[in-house]
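Using the working numbering, read the sequence shown as starting at 189 and increasing by one per residue.
Read the structure below first, then the notes.
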Amino acid sequence: MKQFLLISILFILSIGFVSYKATHALFNDTAQSQNNTFSAAQTFHVVISEVQINGSNANQDFVELYNPTSSVVDLNGWQLQKKTSSGAISSLVLFGSSHIIPAHGYFLWANNQTPQNPFSTSIGADVSNGNNLSENNSIALEDASNNIIDQVGWGTGISQYVEGTLIDNGSDTNKSMERKAYSTSTDVTMEGGVDETKGNGYDTDDNSNDFILRTVSDPQNSSSGAEMP
189 MKQFLLISIL
199 FILSIGFVSY
209 KATHALFNDT
219 AQSQNNTFSA
229 AQTFHVVISE
239 VQINGSNANQ
249 DFVELYNPTS
259 SVVDLNGWQL
269 QKKTSSGAIS
279 SLVLFGSSHI
289 IPAHGYFLWA
299 NNQTPQNPFS
309 TSIGADVSNG
319 NNLSENNSIA
329 LEDASNNIID
339 QVGWGTGISQ
349 YVEGTLIDNG
359 SDTNKSMERK
369 AYSTSTDVTM
379 EGGVDETKGN
389 GYDTDDNSND
399 FILRTVSDPQ
409 NSSSGAEMP
């Protein structure tokens with residue numbers, strides 16, 4: 189009887205330990221379980237993943253979206269809204285019925301007003317127009333019901349679209365602001381490092397914490413390969 193009781197107690201303790209490890213792994217930002225790293229700040233909706241406001245030409249602007257989910261997202265009726273440095277609002281682009289983001293994939297808007305071969309063509313933009321971005325601006329991604337899904341602001345604009353704190357301008361030629369893959373991601377790991385192909389799904393609702401500045405931009409479109417954490 190005593191032996192059976194001892195075995196029962198040990199079994200209960202082992203179950204409790206396994207349960208604790210599983211819970212700890214799911215809710216600790218850097219915990220590991222069976223060699224898989226979990227991030228508590230991985231998001232489950234479309235996010236603004238990379239923004240360039242100044243290429244080799246002043247109009248070489250782009251906004252990249254990333255879909256961190258396992259389902260295709262239909263962008264019909266969605267739009268990107270822009271605020272100028274003074275807070276004035278305008279539509280950057282309205283998406284149509286043919287615009288979708290693949291699962292774990294990307295979608296790309298770009299400015300097409302360049303004197304040479306359009307920049308939007310050279311980077312394979314999924315949609316383009318003559319609108320542009322500048323320093324101290326911000327953008328918001330809205331769904332077809334005008335709900336703000338994500339927003340990103342940079343510089344020192346007034347009353348901007350922003351989550352948390354505005355990002356540094358990142359206005360040097362061909363630089364871009366890119367969303368991290370993980371909490372531990374840096375400009376080194378995201379640009380040619382171990383996190384480069386791990387997606388851009390890190391979101392703590394704080395722009396200055398969620399983005400890094402790339403020395404060379406890397407726009408991706410709906411034909412780019414899927415990226416998963």
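Note that the Cβ used here is the ideal one computed from N, Cα and C, for glycine as well.
Note that the coordinates shown come from a computational prediction; the quantities given were computed from them, not determined experimentally.
By the C-beta density criterion, residue 356 is exposed, having fewer than 16 other C-beta atoms within 10 angstroms.
Listed in chain order, the non-local C-beta contacts of residue 316 below 6 Å within the same chain comprise 298, 300, 308, local neighbours out to five positions each way being set aside.
For residue 232, the number of other beta carbons within 10 angstroms of its own is below 16, and it is reported as exposed. Bridge pairing for residue 254: 235, 294 [DSSP]. For residue 395, there is no enclosing beta strand (DSSP E); the residue is found in the alpha helix (DSSP H) stretching over 395-398. Here residue 375 carries a helix assignment [DSSP, helix/strand/coil]. Beyond the five residues adjoining it in sequence on each side, residue 395 comes within less than 7 Å, by CB distance, of 340, 341, 350, 351, 352, 353, 354, 355 in the same chain, given in chain order. The criterion of a C-beta distance shorter than 7 Å is satisfied by residue 293 and residue 414.
Sequence-distant partners of residue 279 (beyond 5 residues in either direction) whose C-beta falls short of 7 Å from its own C-beta, in its chain, are 267, 269. Under the three-state reduction of DSSP, residue 364 is assigned to strand. Under DSSP, residue 349 takes part in no beta bridge, so it has no partner. Counting along the chain, no beta strand (DSSP E) covers residue 410, and no H or E run does either. Within 10 angstroms of the beta-carbon of residue 242 lie 16 or more other beta-carbons, which makes it buried. Contact annotation: the segment 401-410 touches the segment 374-383, with at least three C-beta pairs closer than 8 Å. Judged by their CB atoms, residue 273 and residue 324 are nearer to each other than the 7 Å cut-off.
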